[in-house]
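Participant: Next up is a structure, given as structure tokens.
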């Protein structure tokens with residue numbers, strides 16, 4: 017147990033440099049302003065790659081020379097579109113700007129009820145894409161799996177330990193949700209499994225590196241969560257299942273970076289850490305009193 021606690025502490029220490037994540041809200045405002053979707057890998061692009069991407073759209077930086085919360089001079093952008101900038105551009109919603117840029121809707125015409133409902137549906141889809149829903153399911157399930165034992169130990173409910181067998185089934189659901197999250201994200205980004213062959217997928221300064229580590233850490237417990245593996249691996253089976261703890265920590269860092277800082281999901285990490293340490297200390301005191 018002491019060695020395992022040290023591994024958990026080491027994983028937390030390795031994650032610390034990645035927790036200084038830049039805020040992407042300014043960049044999102046830029047893309048909202050011009051009516052375009054922000055690239056899903058924007059947070060992983062280098063500064064020059066971002067500038068090159070924006071220059072291809074015909075955008076110029078603001079007066080301070082930075083693209084942050086302001087699209088700067090849009091004249092070149094509309095010149096490349098071959099359209100004149102609407103006078104009410106600043107008052108238009110993101111979906112209206114997006115429709116104007118794509119040329120699918122005449123902004124001079126009032127949208128119909130069906131179009132308004134379609135816009136609301138597209139906006140909901142943009143804010144909550146399917147891959148993030150599976151990511152949240154996987155995250156919550158992993159939290160429940162790992163909190164069960166320390167929670168029952170801390171509150172002293174021995175009968176609760178009889179429910180630990182459910183962790184196997186919850187683990188299957190968590191693993192499937194995590195893999196669906198990755199598959200749908202790669203599909204949305206227009207990438208395949210070769211994505212994991214590029215350096216960006218392993219860069220621990222960004223969210224992709226920690227996501228990859230989380231996926232690999234979850235893969236082994238997922239594949240060996242069955243009776244056959246228990247018989248073959250014997251004592252080593254438990255050690256492999258402990259990789260779930262690393263997957264939880266790596267996923268926590270992945271979410272922290274993706275959301276640009278401390279968020280509601282960070283509370284789950286804090287809750288688990290409190291119960292994990294409390295259970296560890298309680299078990300240690302019990303052994304010392306024997």
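In the numbering used here, the protein residues as written are 17 to 306.
Beta carbons: idealized from backbone N, C-alpha and C, even for Gly.
This one's a predicted model, so the numbers in the text were calculated from it and none came from an experiment.
(1) Hey, how far is the Cα of residue 258 from the Cα of residue 252?
(2) In the structure shown, what three-state DSSP assignment does residue 290 receive?
(3) Work out the CA separation of residue 198 and residue 155 for me, nearest whole Å.
(4) Would you check if there are 3 or more beta carbon pairs closer than 8 Å linking the segment 168-176 to the segment 222-232?
(5) When we look at the beta-carbon of residue 125 and count the other beta-carbons within 10 Å, is it buried (16 or more) or exposed?
(6) Quick check on this structure: which residue in 65, 160, 113 has the alpha carbon closest to the alpha carbon of residue 261?
(7) What are the start and end residues of the alpha helix (DSSP H) that includes residue 203?
(8) Please report the Cβ distance between residue 157 and residue 190, rounded to the nearest whole angstrom; I am assuming they are in contact, meaning their Cβ atoms lie under 8 Å.
(9) Counting along the chain, where does the alpha helix (DSSP H) carrying residue 252 start and finish?
(10) Is it true that the segment 225-245 meets the segment 269-277, where meeting means three or more beta-carbon pairs spaced less than 8 Å apart?
(11) Check residue 210 in the structure and name its three-state DSSP category.
(12) Report the rounded CA-to-CA distance for residue 233 versus residue 293, giving the unit in angstroms.
(13) How do the segment 162-170 and the segment 278-295 stand: do at least 3 beta-carbon pairs fall below 8 Å, yes or no?
(14) Given residue 163, which residues of its chain have a CB within under 8 Å of its CB, disregarding the five upstream and five downstream residues?
(15) Given a cut-off of 9 Å, decide if residue 194 and residue 151 are closer than it, judged by their beta-carbon atoms.
(16) Should residue 111 go down as buried or exposed, given a rule of 16 or more other Cβ atoms within 10 Å for buried?
(17) In three-state DSSP terms, what is residue 328?
(18) Would you kindly report the start and end of the unbroken alpha helix (DSSP H) that includes residue 230?
Facilitator: For this structure:
(1) Looking up residue 258 in the chain shown gives position 242. Looking up residue 252 in the chain shown gives position 236. Cα-Cα distance, rounded: 10 Å.
(2) Within the chain shown, the letter at position 274 stands for residue 290. Three-state result, residue 290: helix.
(3) Numbered from 1 along the chain shown, position 139 holds the residue referred to as residue 155. Numbered from 1 along the chain shown, position 182 holds the residue referred to as residue 198. C-alpha separation (whole angstroms): 13 Å.
(4) no
(5) Along the chain shown, one-based indexing puts residue 125 at 109. Low per-residue confidence applies at residue 125: pLDDT is 45, beneath 50, and the placement is therefore not dependable enough to give any value.
(6) Taking the first residue of the chain shown as 1, we reach residue 261 at position 245. The candidate whose alpha carbon is nearest that of residue 261 is 160.
(7) Within the chain shown, numbered from 1, the residue matching residue 203 stands at position 187. Residue 203 -> alpha helix (DSSP H) spans 182-204.
(8) Position 141 of the chain shown, counting from 1, holds the residue named residue 157. Position 174 of the chain shown, counting from 1, holds the residue named residue 190. Confirmed, about 4 Å.
(9) Numbered from its first residue, the chain shown carries residue 252 at position 236. Taken as a continuous stretch (DSSP letters only), the alpha helix (DSSP H) holding residue 252 covers 251-257.
(10) yes
(11) Taking the chain shown and counting its residues from 1, one reaches residue 210 at position 194. Helix.
(12) Numbered from 1 along the chain shown, position 217 holds the residue referred to as residue 233. Numbered from 1 along the chain shown, position 277 holds the residue referred to as residue 293. Cα-Cα distance, rounded: 21 Å.
(13) yes
(14) For the purposes of this step, residue 163 is identified with residue 147 of the chain shown, where counting begins at 1. Counting only Cβ-Cβ distances below 8 Å, and skipping sequence neighbours, we find 287, 288, 291.
(15) Your numbering for residue 151 matches position 135 in the chain shown. Your numbering for residue 194 matches position 178 in the chain shown. Yes.
(16) Indexing the chain shown from 1 puts residue 111 at position 95. So residue 111 ends up on the buried side.
(17) Past the edges of the chain, shown from 17 to 306, lies residue 328, and the structure says nothing about it.
(18) Numbered from 1 along the chain shown, position 214 holds the residue referred to as residue 230. Its alpha helix (DSSP H) spans residues 223-239.
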